[in-house]
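Asker: Below you will find the structure I want to go over with you.
2 protein chains.
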Amino acid sequence: MSKLVIVGTVAFDAIETPFGKTDKILGGAGTFIGLAASQFNVDSSVVSIVGGVFPQKYLDMLSDRNIDVSGIEIVKDGKTFFWSGLYHNDMNSRDTLATELNVLADFEPVVPETYRDAKIVMLGNLHPLTQLSVLEQMHDTPDLVVLDTMNFWMDSALEDLHNVIKKVDVITINDEEARQLTGEYSLVVAAKKIHEMGPKYVVIKKGEHGALLFNEDNVFYAPALPLKEVFDPTGAGDTFAGGFVGYLAKSNNLSFENMKNAVIYGSTLASFCVEKFGTERMINLSSKEVYQRLQQFKNLTQFDIELS
Amino acid sequence: MSKLVIVGTVAFDAIETPFGKTDKILGGAGTFIGLAASQFNVDSSVVSIVGGVFPQKYLDMLSDRNIDVSGIEIVKDGKTFFWSGLYHNDMNSRDTLATELNVLADFEPVVPETYRDAKIVMLGNLHPLTQLSVLEQMHDTPDLVVLDTMNFWMDSALEDLHNVIKKVDVITINDEEARQLTGEYSLVVAAKKIHEMGPKYVVIKKGEHGALLFNEDNVFYAPALPLKEVFDPTGAGDTFAGGFVGYLAKSNNLSFENMKNAVIYGSTLASFCVEKFGTERMINLSSKEVYQRLQQFKNLTQFDIELS
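Chains as they are written, first to last, in my numbering: chain E, 1 to 308; chain P, 1001 to 1308.
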């Protein structure tokens, strides 16, 4: 079991989908990553920032799951980061209705002293310089640094993004973003170009079409579980990343073969996340349910062709 | 080993892709299905129609692969069906530049007498009434009838299409067509609706995103092999179907578990088809290459999570 540091937003989201809409509910990359990783009972710390009236019950809920919250700065006079989005009928595209950075505008993450020796670091989607400052606080080089990012930083802070990409072991990115970052349509070629930027491992997320894991020589494809309906896709990518790092932190094995398993755990947890609004499903998720869905993933993907 | 009847076009294609263009080359659903199925050395018959100057060398090439061509009618004064298409940069969309039905306009398929007891029938994409007439010529109810179709028949002959769908065991269809046929966006729900139309098994082809196999209770997901480039997608869906029925004809096992293997063989053969223009790659494909690519498919999809 390795200690895990997670940096990412803890936020409020207001979400509208074809199935309904919510008021401000708990969200944020740090929240989703932390909740997913907590399924593995790892010792993790979420580094983030919230406003003064952020409900203590949410912090307690995280603490109850063995997530250290001492790295979540509370800004008395500040307001918590807020995002609002509207999903279209196909659930693959969305409009951002509001983005209020609030306290996030001045976020300077501070990794708690007791977690600066963590072996695994998950850099959730944030400004690349914010991600970089977390890395610089670590005492030794971690065994594994995983970076999540998005097209927004490619448009607005590409040089900084390249500087942090250079320093990480794994990048998780969606298919369109991989194409934007590399100028290559083929995801195989895009992954190769991203390897040349630094990361030994590239995870390309394709939403309902699953996820690809590449290293220089190998590729692994984890499908998404085909679902009757996707209720709310918010947080699915972060949940995937949280399941990925959580499993690796627990199993202490960074081989490509074990990363395949980590991708399957990430996909499994993400398949729950989209069943309800926001974090609701992840907060009420039993290990028995996870076990059963892993069995579904095996049935979905495993076949029996003997090659001698 | 079961005898296999295939009905489908034997045609000329002229293809333009970002990688180049061809003059009239050998194509057609019946050709691609037959070539793929011939990888399993099954006893198959392609039922089709061609014009008078159709090169004998192509018929010989099929015969050399244990494909009976006595059901390919040669119309002395007629011209062979011709299709021309232009693929866009993403290779997922194409424009049809020309469709000359020629002899296909009056095609009345005649299944050779010695194949009317075949246990497996593959109905390649054609007018639903043409597909139906093949079924009506079979002496007994075949063990397995597989239907391929496309959106064109949904637009122009929906009632006839429903009449043939009712009579088949497996339908292969792409994702957009499954949505059009059922009015459902979710492929899980679409598959359920198609089950209610008749077929016990539904295969939904998602191009570069792989293929899904459904029965009423189970689902299996075979990814497409991630490729550096797709040179020419023409015939990939037919090759998939040919691999699927060819494997089933050879293995004589119609269980869902064995259909998973059939889907993997179909995906494997389709991954070769797109590497060159038209049938070129399929004509020059060794069993050793197929074996090696199956190993790649295992590495791509198989993982090792123990569930006790």
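Each residue gets a CB set at the ideal place from its N, CA and C atoms; glycine is no exception. Keep in mind it's a predicted model, so treat the numbers as computed, not measured.
#1: Anything in chain E within Cβ reach of Asp1090 of chain P, meaning under 8 Å, just list it in chain order.
#2: What do you get for Ala1105 of chain P, buried or exposed, if any count of 16 or more other CB atoms within 10 angstroms of its CB means buried?
#3: Please confirm if the segment 1191 to 1200 of chain P is in contact with the segment 147 to 165 of chain E, defined as three or more CB-CB distances below 8 Å between the two stretches.
#4: Helix, strand or coil: how does DSSP classify Asp13 of chain E here?
#5: Given a cut-off of 8 Å on the beta-carbon distance, is the pair Asp1304 of chain P and Asn261 of chain E in contact?
#6: According to DSSP, is Asp1304 of chain P helix, strand or coil?
#7: Please list, in chain order, all residues of the same chain as Asp1043 of chain P whose beta carbon is under 6 Å from its beta carbon, the five residues on each side excluded.
#8: Is it buried or exposed, Lys1228 of chain P, if we count other Cβ atoms within 10 angstroms and call 16 or more buried?
#9: Can you tell me the Cα-Cα spacing of Ser1186 of chain P and Asp1077 of chain P, whole angstroms?
#10: Which residues does DSSP list as the beta-bridge partners of Phe99 of chain E?
#11: Given a cut-off of 8 Å on the beta-carbon distance, is the pair Asp143 of chain E and Ile165 of chain E in contact?
#12: Could you check the C-alpha separation between Lys1200 of chain P and Pro1128 of chain P for me, to the nearest Å?
#13: When you compare the CB positions of Gly8 of chain E and Asn125 of chain E, do they come within less than 8 Å of one another, or not?
#14: Please give me, in chain order, every unbroken run of the alpha helix (DSSP H) with length at least 4 that falls completely inside the segment 1117 to 1181 of chain P.
#15: Could one say the Cβ of Asp1106 of chain P lies closer than 8 Å to chain E's Cβ atoms, at least one of them?
#16: Give the interface partners of Glu1176 of chain P over in chain E, defined as CB-CB distance under 9 Å, in chain order.
#17: Taking 8 Å as the limit between beta carbons, can you name the residues of its chain near Gly210 of chain E, skipping five residues before and five after?
#18: State buried or exposed for Leu1158 of chain P, treating a residue as buried only when at least 16 other CB atoms are found within 10 Å of its CB.
#19: Any Cβ of chain E within less than 8 Å of the Cβ of Tyr1291 of chain P?
#20: Using the Cβ count rule (16 or more neighbours within 10 Å means buried), how would you classify Ser1287 of chain P?
#21: How should Lys57 of chain E be labelled, buried or exposed, when 16 other C-beta atoms within 10 angstroms of its C-beta is the threshold for buried?
#22: Where do the ends of the alpha helix (DSSP H) carrying Leu1026 of chain P lie?
#23: Relative to the alpha-carbon of Lys1024 of chain P, which residue among P:Gly1034, P:Ala1036, P:Phe1054, P:Val1005 has its alpha-carbon at the smallest distance?
#24: Quick check on Arg94 of chain E: does DSSP put it in helix, strand or coil?
#25: In whole angstroms, what separates the C-alpha of Asn1089 of chain P from that of Phe1277 of chain P?
#26: Tell whether a beta-carbon distance below 8 Å holds between Val1047 of chain P and Val1111 of chain P.
#27: Is Glu1136 of chain P buried or exposed, if buried means 16 or more other CB atoms sit within 10 Å of its CB?
#28: Can you tell me whether DSSP reads Val189 of chain E as helix, strand or coil?
#29: Within a Cβ cutoff of 7 Å, which residues of the same chain sit near Val103 of chain E, ignoring the five residues on either side of it in sequence?
#30: Sorted by chain position, which residues of the same chain lie with C-beta nearer than 6 Å to Glu16 of chain E's C-beta, five sequence neighbours on each side aside?
#31: Name the chain E residues that come within less than 8 Å of Pro1223 of chain P, Cβ to Cβ?
#32: Which residue's Cα is closest to the Cα of Asp1064 of chain P: P:Gln1039, P:Gly1237, P:Glu1306?
#33: Taking the alpha helix (DSSP H) that Ala262 of chain E falls in, what are its first and last residues?
#34: Quick check on DSSP: helix, strand or coil for Val1111 of chain P?
#35: Could you tell me whether any Cβ in chain E is nearer than 8 Å to the Cβ of Gln1295 of chain P?
#36: Looking at the ligand NAD, does it come within less than 7 Å of Ala211 of chain E, judged from the CB to the closest heavy atom?
Answerer: In short:
#1: As a position in the second sequence, residue 1090 of chain P is number 90, starting the count at 1. One finds Tyr185 in chain E with Cβ atoms closer than 8 Å to the Cβ of Asp1090 of chain P, taken in chain order.
#2: Here residue 1105 of chain P refers to the residue found at position 105 of the second sequence. When all chains shown are included, Ala1105 of chain P counts as exposed.
#3: No: the two stretches stay apart, fewer than three of their Cβ pairs being nearer than 8 Å.
#4: The residue you call residue 13 of chain E lines up with position 13 of the first sequence. In the structure shown, Asp13 of chain E sits in a strand (DSSP, three-state: E or B).
#5: Numbered from its first residue, the second sequence carries residue 1304 of chain P at position 304. Numbered from its first residue, the first sequence carries residue 261 of chain E at position 261. The answer is yes: Cβ separation under 8 Å.
#6: Indexing the second sequence from 1 puts residue 1304 of chain P at position 304. DSSP places Asp1304 of chain P in coil when its eight states are reduced to three.
#7: Counted from its first residue, the second sequence places residue 1043 of chain P at position 43. Taken in chain order, the residues that qualify are Lys1003.
#8: Position 228 of the second sequence, counted from the first residue, corresponds to residue 1228 of chain P. Exposed, by the Cβ-count rule.
#9: In the second sequence, residue 1186 of chain P corresponds to position 186, counting from 1. In the second sequence, residue 1077 of chain P corresponds to position 77, counting from 1. For Ser1186 of chain P and Asp1077 of chain P, the distance between alpha carbons rounds to 48 Å.
#10: The residue labelled residue 99 of chain E in the question sits at position 99 within the first sequence. Before going on, a small fix: residue 99 of chain E reads as Thr here, not Phe. For Thr99 of chain E, which the question treats as bridged, DSSP gives the partners E:Trp83.
#11: Counting from one through the first sequence, the residue named residue 143 of chain E turns up at place 143. Counting from one through the first sequence, the residue named residue 165 of chain E turns up at place 165. The Cβ atoms of Asp143 of chain E and Ile165 of chain E do not sit closer than 8 Å to each other.
#12: If you number the second sequence from 1, residue 1200 of chain P lands on position 200. If you number the second sequence from 1, residue 1128 of chain P lands on position 128. The alpha-carbon atoms of Lys1200 of chain P and Pro1128 of chain P are separated by roughly 19 Å.
#13: Working through the first sequence from its first residue, we reach residue 8 of chain E at position 8. Working through the first sequence from its first residue, we reach residue 125 of chain E at position 125. Yes, they are a contact pair.
#14: Fully enclosed alpha helix (DSSP H) runs of 4 or longer: 1128 to 1137, 1151 to 1156, 1158 to 1165.
#15: For the purposes of this step, residue 1106 of chain P is taken as the residue at position 106 of the second sequence. Not an interface residue.
#16: Mapped onto the second sequence, residue 1176 of chain P falls at position 176. For Glu1176 of chain P, there are no neighbours in chain E by C-beta distance under 9 Å, as the nearest C-beta there is about 12 Å away.
#17: Within the first sequence, residue 210 of chain E is the residue found at index 210, counting from 1. Leaving aside the five residues that flank Gly210 of chain E on each side, the residues in its chain whose CB is nearer than 8 Å to its CB run, in chain order, Tyr221, Ala222, Pro223, Ala224, Ser267.
#18: Counted from its first residue, the second sequence places residue 1158 of chain P at position 158. Label assigned to Leu1158 of chain P: exposed.
#19: Taking the second sequence and counting its residues from 1, one reaches residue 1291 of chain P at position 291. With 8 Å as the cut-off, Tyr1291 of chain P counts as an interface residue toward chain E.
#20: Your numbering for residue 1287 of chain P matches position 287 in the second sequence. That one is exposed.
#21: Counting from one through the first sequence, the residue named residue 57 of chain E turns up at place 57. Lys57 of chain E is exposed by the Cβ-count criterion.
#22: Position 26 of the second sequence, counted from the first residue, corresponds to residue 1026 of chain P. Run containing Leu1026 of chain P: none in the alpha helix (DSSP H); it sits in the beta strand (DSSP E), 1025 to 1027.
#23: Looking up residue 1024 of chain P in the second sequence gives position 24. Nearest to Lys1024 of chain P by alpha-carbon distance, out of P:Gly1034, P:Ala1036, P:Phe1054, P:Val1005, is P:Phe1054.
#24: The count along the first sequence starts at 1 and reaches residue 94 of chain E at position 94. Arg94 of chain E: strand per DSSP, three-state reduction.
#25: Along the second sequence, one-based indexing puts residue 1089 of chain P at 89. Along the second sequence, one-based indexing puts residue 1277 of chain P at 277. Between Asn1089 of chain P and Phe1277 of chain P, the C-alpha separation is close to 16 Å.
#26: As a first step, residue 1047 of chain P must be located in the second sequence, where it is residue number 47. As a first step, residue 1111 of chain P must be located in the second sequence, where it is residue number 111. Their beta carbons are under 8 Å apart, which means Val1047 of chain P touches Val1111 of chain P by this criterion.
#27: If you number the second sequence from 1, residue 1136 of chain P lands on position 136. Within a 10 Å sphere around the beta-carbon of Glu1136 of chain P sit fewer than 16 other beta-carbons, which makes this residue exposed.
#28: Residue 189 of chain E sits at position 189 when you count from the first residue of the first sequence. Under the three-state reduction of DSSP output, Val189 of chain E falls in the helix class.
#29: As a working mapping, residue 103 of chain E is identified with position 103 in the first sequence. These residues qualify, in order along the chain: Ile49, Val50, Gly51, Val75, Gly78, Lys79, Thr80, Phe81.
#30: Here residue 16 of chain E corresponds to residue number 16 of the first sequence, with the count starting at 1. For Glu16 of chain E, where only same-chain residues beyond five positions count, the Cβ hits under 6 Å are Leu86.
#31: The residue you call residue 1223 of chain P lines up with position 223 of the second sequence. Under the 8 Å cutoff, chain E gives Gly210, Tyr221, Pro223.
#32: In the second sequence, counting from the first residue as 1, residue 1064 of chain P sits at position 64. Nearest Cα to Asp1064 of chain P within the set P:Gln1039, P:Gly1237, P:Glu1306: P:Gln1039.
#33: Taking the first sequence and counting its residues from 1, the one referred to as residue 262 of chain E is at position 262. Bounds of the alpha helix (DSSP H) holding Ala262 of chain E are 256 to 273.
#34: For this step, residue 1111 of chain P is matched to residue 111 along the second sequence. For Val1111 of chain P, the three-state secondary structure derived from DSSP is coil.
#35: Translated into positions along the second sequence, residue 1295 of chain P becomes position 295. Interface flag for Gln1295 of chain P against chain E is set, since a Cβ pair is found closer than 8 Å.
#36: Of ligands this structure carries none, so the ligand NAD is not represented either.
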